[in-house]
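Numbering (my numbering), first residue to last: 2 to 202.
Glycine residues also receive a C-beta, built at the ideal position from the N, C-alpha and C atoms.
Since the structure is predicted, the reported quantities are computational estimates derived from the model, not experimental observations.
Listed below in structure tokens is the structure:
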């Protein structure tokens, strides 16, 4: 959906929504930042390069949920998913506090700033890392045709319980059915999905 009206309203919704969420959750974010500052090695805010709309790279912000030597720990673990993603229920890269943050999606709260900066939207496919994109099949690049988002059809349908190819098919469905009604339905369903913690690992 490339209509001027849709894109304008979507951007306005993104900005107002991100500001509202930052105001509502600022106490949780402040407490999380302070706790991480004193209990976790590395900076509390983790910045990772992600692939955004049409392949543009951007710095995505997260609360640190993994050990500083996460890459080394990943090499010794067995991936539980097929495809260019690494998912495991008891992820050895995650810190004890990080598992709690990921379970309630608190680690993703700083991405509201990515929305304000225009890197992301409230609704859209989750942004991958470059190493994952390098392994995509031709049909899977279609998920990069729209701006990445904080929530998506995959997020409310079981998250990590969904296989990668089904995950991509959901993102392609969204890219072909973008509308204010579709976005609203996904936003309304997201809070219950987060609280259920289904597939959050």
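- A distance below 8 angstroms between beta-carbons, with the five flanking residues on each side excluded, links residue 55 to the following residues of its chain, in chain order: 145 and 146.
- The way I'd put it, the region 125-145 doesn't touch the region 91-104; fewer than three beta-carbon pairs between them come closer than 8 angstroms.
- Excluding the 5 residues flanking it on each side, residue 153 has same chain C-beta neighbours closer than 8 angstroms at 124, 125, 126, 127, 171, 172, 175 and 187, in chain order.
- Assignment of beta-bridge partners to residue 122 by DSSP yields 150.
- The shortest CA-to-CA distance from residue 88 to any of 6, 162 and 132 is the one to 162.
- For residue 134, the enclosing alpha helix (DSSP H) starts and ends at 131-134.
- In the DSSP secondary-structure assignment, residue 48 is bridged to 62.
- Buried is the label assigned to residue 120, since at least 16 other Cβ atoms lie within 10 Å of its Cβ.
- Nearest in C-alpha terms to residue 36, of all of 185, 66 and 86, is 66.
- Residue 109 and residue 63 have their C-alpha atoms spaced approximately 5 angstroms apart.
- Following the DSSP letters along the chain, one finds residue 7 inside the alpha helix (DSSP H) bounded by residues 5-40.
- The beta carbon of residue 117 sits closer than 6 angstroms to those of 19, all from its chain and outside the five residues before and after it, given in chain order.
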